[in-house]
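To start, the structure itself, in structure tokens.
There are 2 protein chains.
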Amino acid sequence: MVKLFISGFGTVGQGLAEVLKIRRDFFQERYGEQPVVVGVIDSKTYAVNPDGLDTDAIIARKMGTRTVGDGKYTDSVEVMDSVDYDILIEVSPTDIKTGGTGLKNITHALECGKDVITVNKGPLALKFQDLTELAKKNGCKLRFEGSVGGAMPIINLCHENLIGEHIRSIRGIFNGTCNYILSKMDKGQTFEQALKEAQQLGYAETDPTNDVEGYDAATKVVILANSVFHRNVTFSDVKITGITGITPDAIAQAAAHDMVIRLIGEISDNRLEVAPRLIPVGHPLSITGTLNIAQIDADLAGPITINGRGAGRIETASAILSDLVAIMDARY
Amino acid sequence: MVKLFISGFGTVGQGLAEVLKIRRDFFQERYGEQPVVVGVIDSKTYAVNPDGLDTDAIIARKMGTRTVGDGKYTDSVEVMDSVDYDILIEVSPTDIKTGGTGLKNITHALECGKDVITVNKGPLALKFQDLTELAKKNGCKLRFEGSVGGAMPIINLCHENLIGEHIRSIRGIFNGTCNYILSKMDKGQTFEQALKEAQQLGYAETDPTNDVEGYDAATKVVILANSVFHRNVTFSDVKITGITGITPDAIAQAAAHDMVIRLIGEISDNRLEVAPRLIPVGHPLSITGTLNIAQIDADLAGPITINGRGAGRIETASAILSDLVAIMDARY
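In order, the protein sequences belong to chains A and B. Just so we're aligned, residue 5 is where the first sequence starts under the numbering used here, counting upward by one. Just so we're aligned, residue 5 is where the second sequence starts under the numbering used here, counting upward by one.
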């Protein structure tokens with residue numbers, strides 16, 4: 005029986021709990037049993053049960069009281085240590101400045117010899133090398149498909165399917181919010197109008213800085229650079245320009261030349277950058293809406309392009325599911 | 005030491021031999037040694053050496069004399085039985101009517117407990133169920149990434165990265181030759197002009213029936229239906245319409261509505277079909293040139309689209325490489 009500890013129980017954590025239910029038959033057929041959730045923490049409260057928690061009840065409770073259990077904690081790792089688990093699923097809110105609780109939890113789990121699945125970008129962008137070395141040293145798996153591109157399978161595609169390739173570059177759209185705004189600006193909205201609409205639809209946060217200044221896309225560039233290109237770079241190594249300076253005039257001028265403006269993240273031998281770029285209409289990177297897309301240039305396979313939903317409750321949980329199945333396959 | 009037997013030494017077989025050379029350092033670093041080719045057969049001749057063959061010399065010989073060795077054979081499986089190998093790489097010319105030598109070789113290798121990598125569509129389209137059951141019974145791996153979409157990673161993407169998904173449908177362009185012809189017709193050429201150009205460039209064969217009548221795309225639809233959708237269908241279950249009836253007038257009428265015509269293969273619960281379809285300009289499936297593309301509709305991840313080179317010496321060999329690494333990883 006595989007025991008999961010879920011750290012963070014917002015959109016993605018709850019989505020994962022749902023996905024585990026939706027896929028009961030799949031797990032039963034593949035492993036003859038279900039993975040069980042033995043611990044859940046949010047930012048202040050926790051619930052643990054070595055025999056498995058009722059995650060439906062926890063979702064209901066979270067919706068009502070904003071707590072996941074009666075337990076209150078000051079130190080997350082003490083809660084983690086209080087129950088026997090096999091895999092930490094770290095989906096707490098990301099902190100791209102310090103790595104925050106996520107970094108602490110992932111580090112602790114790996115030190116304890118646990119496998120880790122995370123979509124938490126901060127720890128990966130800041131301490132990729134340390135975390136992968138720690139995982140290796142302790143014989144643990146550290147998987148993070150959902151950290152870049154949500155449900156778009158890019159990390160494991162590069163690590164597994166394209167393992168024999170020399171990947172020369174990746175260019176892509178790694179922030180759906182910016183792409184939504186730019187797509188709306190193509191249709192004549194101003195930046196402010198498009199941003200407001202994105203906020204109303206829940207695509208952009210009240211403070212949109214992280215998205216519109218290109219910081220979120222930059223964390224993904226860092227994760228790809230470290231994991232796919234085996235660099236040792238951090239956030240500050242990325243040259244970042246956001247989309248706040250894009251005017252309707254610039255959009256119109258681009259359109260006059262059959263081009264659109266897209267916020268492109270790029271990793272290649274001599275470039276580590278997030279910046280608005282002119283993209284010809286009809287080019288794969290001219291994609292509209294909240295999709296994410298990546299163009300991978302592989303030396304043998306040639307160009308490979310993939311796109312998918314960059315965010316969403318169930319979509320991001322589906323990326324965690326793919327990592328979970330990979331880890332469970334190795335255990336059964 | 006992993007010993008390979010290569011059956012078929014045309015474009016793809018030679019491409020694979022080259023790729024094995026190009027990736028010497030990769031194999032050395034990952035496994036501490038190289039896979040060796042202990043046997044090569046073409047349609048009439050063979051070369052075997054338990055200590056490994058000089059594939060450069062065989063390529064040179066093949067270019068000159070159209071033979072791979074001094075040995076002549078009447079029964080391919082006798083040659084296979086004459087040398088100890090671990091993995092059969094079956095890349096002989098495909099026979100979509102009977103499965104031909106490819107089917108015989110794959111079956112024999114699996115019966116002997118060998119792993120098999122193939123890009124040979126005929127055997128997979130005709131006997132998928134039998135072959136996978138035989139592989140399972142004998143504890144062998146049967147991998148075939150390159151059989152659909154060349155270097156576009158679709159099979160292993162669905163089997164591995166998306167293993168936890170329920171895939172509802174796949175729609176895609178699975179024949180680069182037809183797409184090249186239709187792209188040229190978009191630019192004003194007639195079918196005959198475009199076909200002639202495709203033949204001159206080596207995209208289409210002298211007898212283009214297999215491509216332009218949609219048969220080749222249909223074999224890929226069958227392979228996807230059986231392998232990803234767990235159906236038990238064969239070539240004759242696919243409703244097939246090719247592109248020979250597409251007139252410049254039809255193309256012009258489509259263009260007047262901002263549409264293009266593309267040959268789309270589709271697998272869903274109630275459809276197994278290859279047919280020309282109207283696709284809006286700007287839609288991912290409106291892709292031009294020889295690329296292959298697939299739109300996967302997964303119930304949790306949502307829509308995922310991937311494209312890549314559907315053919316080519318090194319590109320197809322790169323798909324074989326990805327299967328080879330997966331098999332070698334499990335052995336080391």
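Every residue, glycine too, gets a C-beta built ideally from N, C-alpha and C. The model shown is predicted, which means the values in this text are computed figures rather than measured ones.
Closer than 8 angstroms is the cut-off here; do at least three beta carbon pairs connect the segment 39-51 of chain A with the segment 80-99 of chain A?
yes
Compare the Cα-Cα distances from Val-216/B to each of Phe-195/B, Phe-233/B, Val-232/B and report the closest residue.
Counted from its first residue, the second sequence places residue 216/B at position 212. The option with the nearest alpha carbon to Val-216/B is Phe-195/B.
Taking only runs that begin and end inside the segment 51-127 of chain B, name each unbroken beta strand (DSSP E) of 3 or more residues, in chain order.
91-94, 119-122
Note the first and the last residue of the continuous alpha helix (DSSP H) segment covering Phe-31/B.
Position 27 of the second sequence, counting from 1, holds the residue named residue 31/B. 28-35 is the span of the alpha helix (DSSP H), which, as asked, contains Phe-31/B.
Out of Thr-98/B, Lys-48/B, Thr-181/B, Ile-63/B, point me to the one whose CA is closest to Lys-76/B's CA.
As a first step, residue 76/B must be located in the second sequence, where it is residue number 72. The shortest Cα separation from Lys-76/B among Thr-98/B, Lys-48/B, Thr-181/B, Ile-63/B belongs to Lys-48/B.
The alpha helix (DSSP H) that contains Asp-327/A, what's its start and end?
Residue numbering aside, residue 327/A sits at position 323 when the first sequence is read from its first letter. Secondary structure note for Asp-327/A: its alpha helix (DSSP H) is the uninterrupted segment 317-335.
Name the DSSP beta bridge partners of Lys-243/B, please?
Sequence index remark: in the second sequence, residue 243/B carries index 239 (1-based). Answer by DSSP bridge pairing, in chain order: Glu-277/B.
Contact criterion: CB-CB distance below 8 angstroms. Does Glu-115/B meet it with respect to chain A?
By one-based count along the second sequence, residue 115/B stands at place 111. So no, Glu-115/B is outside the interface.
Pick out whichever of Cys-144/B, Leu-135/B, Ile-177/B has its Cα sitting closest to the Cα of Gly-154/B.
Within the second sequence, residue 154/B is the residue found at index 150, counting from 1. Closest option to Gly-154/B, Cα to Cα, is Ile-177/B.
I need the boundaries of the beta strand (DSSP E) containing Ile-185/A, first residue and last residue.
Translated into the one-based positions of the first sequence, residue 185/A becomes position 181. Looking at the DSSP string, Ile-185/A is not in any beta strand (DSSP E); the run it does join, the alpha helix (DSSP H), is 180-190.
Please identify, using Cβ separations under 8 angstroms, the residues of the segment 21-32 of chain B that lie next to chain A, in order along the chain.
Val-23, Ile-26, Arg-27, Phe-30
Based on Cα-Cα distance, which residue from Ile-174/A, Gly-246/A, Lys-125/A lies nearest to Phe-233/A?
Position 229 of the first sequence holds residue 233/A. If we check each option's Cα against that of Phe-233/A, Ile-174/A comes out closest.
Relative to the C-alpha of Phe-148/B, which residue among Lys-224/B, Tyr-219/B, Ile-268/B, Asp-253/B is closest?
By one-based count along the second sequence, residue 148/B stands at place 144. If we check each option's Cα against that of Phe-148/B, Lys-224/B comes out closest.
What's the gap between the Cα of Phe-132/B and the Cα of Asp-211/A?
Within the second sequence, residue 132/B is the residue found at index 128, counting from 1. Within the first sequence, residue 211/A is the residue found at index 207, counting from 1. Cα to Cα, Phe-132/B sits roughly 54 angstroms from Asp-211/A.
Cβ of Arg-266/B less than 8 angstroms from any chain A Cβ?
As a first step, residue 266/B is located in the second sequence; it is residue number 262 there, counting from the start. It does not: the Cβ of Arg-266/B has no partner Cβ on chain A nearer than 8 angstroms.
Within 10 angstroms of its Cβ, does Arg-281/A collect 16 or more other Cβ (buried), or is it exposed?
Counted from its first residue, the first sequence places residue 281/A at position 277. Arg-281/A comes out buried.
For a contact defined as C-beta to C-beta under 9 angstroms, what are the partners of Ser-322/A on chain B?
Position 318 of the first sequence, counted from the first residue, corresponds to residue 322/A. In chain order: Leu-166, Gly-168, Glu-169, Ala-302, Asp-303, Leu-304, Ala-305, Gly-306.
Return no unless some Cβ of chain A is closer than 8 angstroms to the Cβ of Ser-173/B.
One-based indexing of the second sequence puts residue 173/B at position 169. Not one chain A Cβ lies under 8 angstroms of Ser-173/B.
Taking the straight line between their C-alpha atoms, what separation do you get for Gly-19/B and Ile-185/B?
Position 15 of the second sequence, counted from the first residue, corresponds to residue 19/B. Position 181 of the second sequence, counted from the first residue, corresponds to residue 185/B. So the alpha carbons of these two residues sit roughly 25 angstroms apart.
Could you give the residue range of the alpha helix (DSSP H) that holds Gln-203/B?
Here the question's residue 203/B lines up with position 199 in the second sequence. It spans 195-204 - the alpha helix (DSSP H) in which Gln-203/B sits, taken as one unbroken run.
Decide if Thr-181/B is buried, meaning its Cβ has at least 16 other Cβ atoms within 10 Å, or exposed.
Looking up residue 181/B in the second sequence gives position 177. Label assigned to Thr-181/B: buried.
Taking the DSSP output, what are the residues bridged to Lys-131/B?
For the purposes of this step, residue 131/B is taken as the residue at position 127 of the second sequence. None, per the DSSP bridge assignment.
Between Gly-312/B and chain A, is the shortest Cβ-Cβ distance under 8 angstroms, so that the two count as touching?
Translated into the one-based positions of the second sequence, residue 312/B becomes position 308. For Gly-312/B, the answer is yes, since a Cβ of chain A falls inside 8 angstroms of its Cβ.
Can you find the residues in the same chain that come closer than 8 angstroms, C-beta to C-beta, to Ile-110/B, ignoring five residues on each side of it along the sequence?
In the second sequence, the residue the question calls residue 110/B occupies position 106. Same-chain partners within the cutoff: Leu-92, Glu-94, Val-120, Thr-122, Asn-124, Pro-127, Leu-135, Leu-146.
So what's Lys-140/A in DSSP terms, helix, strand or just coil?
For this step, residue 140/A is matched to residue 136 along the first sequence. Note: Lys-140/A maps to helix in three-state DSSP.
Three or more C-beta pairs closer than 8 angstroms, one from the segment 286-294 of chain A and one from the segment 239-259 of chain A: is that the case here?
no
On the three-state DSSP scale, how would you describe Ala-155/A?
Position 151 of the first sequence holds residue 155/A. Here Ala-155/A sits in coil by DSSP.
Mind checking Glu-33/B: buried by the 16 CB within 10 Å criterion, or exposed?
Taking the first residue of the second sequence as 1, we reach residue 33/B at position 29. That one is exposed.
Name the two residues that bound the continuous beta strand (DSSP E) containing Ile-300/A.
In the first sequence, the residue the question calls residue 300/A occupies position 296. It spans 295-302 - the beta strand (DSSP E) in which Ile-300/A sits, taken as one unbroken run.
Quick one: Cα of Ala-298/B to Cα of Ser-322/A, how far?
For the purposes of this step, residue 298/B is taken as the residue at position 294 of the second sequence. For the purposes of this step, residue 322/A is taken as the residue at position 318 of the first sequence. Between Ala-298/B and Ser-322/A, the C-alpha separation is close to 19 angstroms.
Chain A partners of Gly-286/B, CB-CB under 9 angstroms?
Reading the second sequence from its first residue, position 282 is the one you call residue 286/B. Annotation: Cβ neighbours of Gly-286/B in chain A (cutoff 9 angstroms, chain order): Val-285, Gly-286, Ser-290, Thr-292.
So with CB distances below 8 angstroms, who are the chain B contacts of Leu-161/A?
Your numbering for residue 161/A matches position 157 in the first sequence. Within 8 angstroms Cβ-Cβ: Pro-157, Leu-161, Asn-165.
Can you list, in chain order, the residues of its chain with a C-beta nearer than 7 angstroms to that of Glu-390/B? Leave out the 5 residues immediately preceding and following it.
Residue 390/B lies beyond the stretch modelled for chain B, which goes from 5 to 336, so this question has no answer here.
Which same chain residues end up closer than 8 angstroms to Ile-283/B when comparing Cβ atoms and leaving out the 5 residues on each side of it in sequence?
Within the second sequence, residue 283/B is the residue found at index 279, counting from 1. Taken in chain order, the residues that qualify are Met-263, Val-264, Ile-265, Arg-266, Ile-268, Leu-289, Ser-290.
Buried or exposed for Asn-236/B, going by 16 or more other Cβ atoms inside 10 Å?
As a first step, residue 236/B is located in the second sequence; it is residue number 232 there, counting from the start. A residue is called buried when at least 16 other Cβ atoms come within 10 angstroms of its Cβ; Asn-236/B does not meet this threshold and is exposed.
With Lys-7/A as the anchor, note down where its beta strand (DSSP E) starts and where it stops.
As a position in the first sequence, residue 7/A is number 3, starting the count at 1. Note, Lys-7/A: beta strand (DSSP E), 7-11.
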